[in-house]
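Reviewing the structure listed below.
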Amino acid sequence: MQADSADLIRRAIRSVPDWPQAGVVFRDITPVLQDARSFRTLIDLFVYRYMGKRIDLIACVDARGFIIGSALAYALNVGFVPIRKRGKLPRSTMSEIYALEYGQSEVEVHTDAVRTGQRVVLIDDLVATGGTMLAAIKLLQRLGANVLEAGAIVDLPDLNGSAKIAATGTPFYAVCAFKDGED
376 MQADSADLIR
386 RAIRSVPDWP
396 QAGVVFRDIT
406 PVLQDARSFR
416 TLIDLFVYRY
426 MGKRIDLIAC
436 VDARGFIIGS
446 ALAYALNVGF
456 VPIRKRGKLP
466 RSTMSEIYAL
476 EYGQSEVEVH
486 TDAVRTGQRV
496 VLIDDLVATG
506 GTMLAAIKLL
516 QRLGANVLEA
526 GAIVDLPDLN
536 GSAKIAATGT
546 PFYAVCAFKD
556 GED
């Protein structure tokens, strides 16, 4: 059943060549969200993976991760923690800078978002080079969280992000993966 469900999600993801720049194939999850069956199947995959794991919080990275993470937190009856791009949160924050292909970016979280020892699952839509998710893991750990797993809808393993995440000791899970040149 899980393989069939993951295949349904993989087939619904749209590949957009040469966006945002030439040579890049963008993996668009919008069709998954637009189709009720695909969206429910996606959330159910994550729910079944994490139910019974004594999770306290679902943390998600701005912005597509919020769509999945908030529905997952609701279904699991746990809290939700947004990890946002710099300058989007209104109170005291902690931030982490991470490298982009050309330059750097920064994510932040409220300093009171997580209590020491809370069990957290981190969710995002896609892992490419892993920079955003690695920064989010560091933030959560600096706040004292026990990051049980990092999860994503899509893994692009040729870009090594999932391997970098696993190398931190944080388990990584993806619903599906796309290798270079695959549709």
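Numbering (the numbering used here), first residue to last: 376 to 558.
The beta carbon of each residue, even a glycine, is placed where N, CA and C say it ideally should be.
As the structure is a prediction and not an experimental result, all values here were calculated from the model.
One alpha carbon belongs to T486, the other to S467, and they sit about 6 Å apart. Here the C-alpha atom of R517 lies approximately 20 Å from the C-alpha atom of P465. For K460, the secondary structure class from DSSP, reduced to helix, strand or coil, is strand. Taking the Cα positions, T504 is about 9 Å away from A538. Counting along the chain, the unbroken alpha helix (DSSP H) around Q409 starts and ends at 405-409. In terms of Cα proximity to G427, the closest of P395, L523, F441 is L523. The alpha-carbon of A520 is positioned some 15 Å away from that of M508. If the five residues before and after Q493 are omitted, its C-beta is found closer than 8 Å to the C-beta atoms of D431, L432, G519, A520, N521, all from its own chain and listed in chain order. At the C-beta level, L497 and D530 stay beyond 9 Å of one another. Counting only runs that start and end inside the stretch 481-540, the alpha helix (DSSP H) elements of at least 4 residues fall at 506-517. For R402, the secondary structure class from DSSP, reduced to helix, strand or coil, is strand.
Annotation for Y449: the continuous alpha helix (DSSP H) segment containing it runs 439-451. Residues D530, P532 of the same chain have their beta carbon placed closer than 6 Å to that of A552, with the five preceding and five following residues left out of the count. The continuous beta strand (DSSP E) containing R389 extends over residues 389-392. With contacts defined by Cβ atoms closer than 9 Å, I472 and A525 do not form a contacting pair.
In this structure, I458 lies near L514, with their beta-carbon atoms less than 9 Å apart.
By the neighbour-count criterion, in which a residue is buried when 16 or more other Cβ atoms sit within 10 angstroms of its Cβ, S390 is exposed. I528 and G478 have their C-alpha atoms spaced approximately 25 Å apart.
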